[in-house]
Each structure stands twice: as C-alpha cells, then as structure tokens.
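> Questions regarding the structure given below will be posed in turn.
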Amino acid sequence: MASNSATNNALRLVVVGSGGVGKSALTLQWVQQYFVTDYDPTIEDSYTKQCFLDDGMCKIEVLDTAGQDEFKTMREQYLRTGDGFLLVFSITSRETLDYVVKLHRHIDRLRDRDNFPMILIGNKCDLNDERQISMEEASTVARELNVPYLECSAKFRKNVDQAFHDLARLVRKFRENDRQLHNGDQSDGIHQNKKKKKNCRIQ
Numbered sequence: 001m002a003s004n005s006a007t008n009n010a011l012r013l014v015v016v017g018s019g020g021v022g023k024s025a026l027t028l029q030w031v032q033q034y035f036v037t038d039y040d041p042t043i044e045d046s047y048t049k050q051c052f053l054d055d056g057m058c059k060i061e062v063l064d065t066a067g068q069d070e071f072k073t074m075r076e077q078y079l080r081t082g083d084g085f086l087l088v089f090s091i092t093s094r095e096t097l098d099y100v101v102k103l104h105r106h107i108d109r110l111r112d113r114d115n116f117p118m119i120l121i122g123n124k125c126d127l128n129d130e131r132q133i134s135m136e137e138a139s140t141v142a143r144e145l146n147v148p149y150l151e152c153s154a155k156f157r158k159n160v161d162q163a164f165h166d167l168a169r170l171v172r173k174f175r176e177n178d179r180q181l182h183n184g185d186q187s188d189g190i191h192q193n194k195k196k197k198k199n200c201r202i203q
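Going by the UniProt record's numbering, the first residue of the sequence shown is number 1, and it counts up by one from there.
Listed below in structure tokens is the structure:
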C-alpha cells in the first residue's frame, strides 16, 4: 500500500530510537530552530516543513516517534510507511546503539528492499566527557549496516540540518531508482508485446 507521501509528494522522514536519545530535540531544532531542555516522552508528533534542497523546494514531513515500549504497536505503522529513517542513539549510552541496530534489522525485514534510506545518528556529541561509544566504533557499526553515520548535537545544532537533508537526498535517489526500474519494466513489456505481434504477422 502506498504511503501518504506518495500522494502529496512530500518526503516522509521518520525519527526512531529508544526513549531519551533526543529524537524530539533533533526534530524541533530542524523544524523550529529551538532546543528542548525538558524531556517529555513523546507519543507522536508530526511536522511539515518546506526547505530548499539542492535544485529546488522540497516538502518534508517529519514524524517524531515514541521510544517507549508501550507505544510499540503505534510505531510499527510508521516503520511500514516511512520513506526514510533517522536511527538515533545517544553516544552516552551503549544500550541505545544496540536498540537502533535491532530497529534497523526490523525495518529491513518489514520493507524487504535493498538500500532502503536510513542514516545512523549519534546524538549528544556535545557530551563528549560522557561518551560510551567512540566515533570509530559507531562508524564500524554503520558500515556493517550499510548506512551513513553522522554525529549530531541537538543542543548546539551541530549537523542537524545535514542529517535531515542527507536523508531527504537518499529518499529522492531511492524514488528515482524505483521510477527507472518501473519504467524499464514497462519498456520491456512493450518491447515483448511488439515482438509477439511481429511473430504473429510472420506466422
């Protein structure tokens, strides 16, 4: 079933990860240039933003999902319909990295597509003194998952724009590859139909 983004031509980016890693902080920094200081567990928030990306304007819908297990059923819907995913963990918590690795595998199974648009995000890089995961280790994990890796700080807005823009570019590229594949399949079908008609005339 096609996602809503297919009908309104928006790119639907989904921010996922365990609770407290800064998903809402990243989202609000990008959408509203505002840093959230008080942690309030999110059920679900959706934002739409028009931004200039590469060669023109781009409409992006961002879904900020809940990290708590009690919202797992709700989150499953967005894993099935999102166009691309920011897999967010905190560099200060190894458990949160383990969680998004499992999420990546789960999304892979749900979507059953090669190179589905995802980026691994190590948030809270401003808390370097509390770091549990080195950049080298996280980069190795990203290579194993075959996704890009980026470290961000929602507090200081470091790489926040880049995270969302890079994911939007991956989604665009993925869609274009899909269109080319679809058009190629149609061309093959037309060619085969012409060949059948030609064979009929010869007979």
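Heads up, the beta-carbon is just placed ideally off N, CA and C, and yes, glycines get one too.
Note that the structure is a prediction, hence the values are computed from the model and not measured.
Relative to the C-alpha of S93, which residue among Q132, C58, T65 and R111 is closest?
The shortest C-alpha separation from S93 is found at Q132.
> For Y78, is the classification buried or exposed, using 16 other Cβ atoms within 10 angstroms of its Cβ as the cut-off for buried?
Buried.
> Any chance you could list the alpha helix (DSSP H) runs of at least 4 consecutive residues sitting entirely within the segment 68–149, in chain order?
For the segment 68–149, whole alpha helix (DSSP H) runs of length 4 or above, ordered along the chain, are 72–81, 94–111 and 135–145.
> By the three-class DSSP mapping on this structure, what secondary structure does G22 have?
Looking at G22 - three-state DSSP - the assignment turns out to be coil, as it is neither helix nor strand.
> Evaluate the contact criterion for the segment 95–107 versus the segment 9–20: three or more CB pairs, one atom per stretch, below 8 Å.
With a cut-off of 8 Å, the segment 9–20 and the segment 95–107 count as touching, because enough Cβ pairs lie within range.
> For V16, decide whether its Cβ has a neighbour in chain B, counting only Cβ atoms nearer than 8 Å.
The chain inventory of the structure shown lacks chain B, comprising one protein chain alone.
> Could you say which of D55, L13 and D83 lies nearest to Y47 if we only look at CA atoms?
Ranking D55, L13 and D83 by Cα distance to Y47 puts L13 first.
> Determine the direct distance from the alpha carbon of H182 to that of R175, and round the result to whole angstroms.
R175 and H182: Cα-Cα distance of roughly 10 Å.
> Specify, as a first and last residue, the run of the beta strand (DSSP E) that R157 falls within.
From DSSP, R157 is part of no beta strand (DSSP E); its letter is neither H nor E.
> What's the C-alpha gap between A168 and K155?
Going by the C-alpha atoms only, they are around 22 Å apart.
> Run through DSSP, which three-state label would G56 get?
It is a strand residue.
> Where do the ends of the beta strand (DSSP E) carrying V16 lie?
Unbroken beta strand (DSSP E) run through V16: L11 to V16.
> Tell me whether the beta-carbon of C122 lies closer than 8 Å to the beta-carbon of F89.
Position check: residue 122 holds Gly in this sequence, whereas Cys was assumed. Yes, they are a contact pair.
> If you run the structure through DSSP and keep just helix, strand and coil, what is T27?
If DSSP states are grouped into helix, strand and coil, T27 belongs with the helices.
> Run through DSSP, which three-state label would V171 get?
Looking at V171 - three-state DSSP - the assignment turns out to be helix.
> How big is the Cα-Cα spacing for S134 and I107?
Cα-Cα distance, rounded: 25 Å.
> Does S184 pass the burial test, meaning 16 or more other C-beta atoms within 10 Å, or should it be called exposed?
According to the sequence displayed, residue 184 carries Gly and not Ser. Exposed, because fewer than 16 other Cβ atoms sit within 10 Å of the Cβ of G184.
> On the three-state DSSP scale, how would you describe Q33?
Coil, per DSSP.
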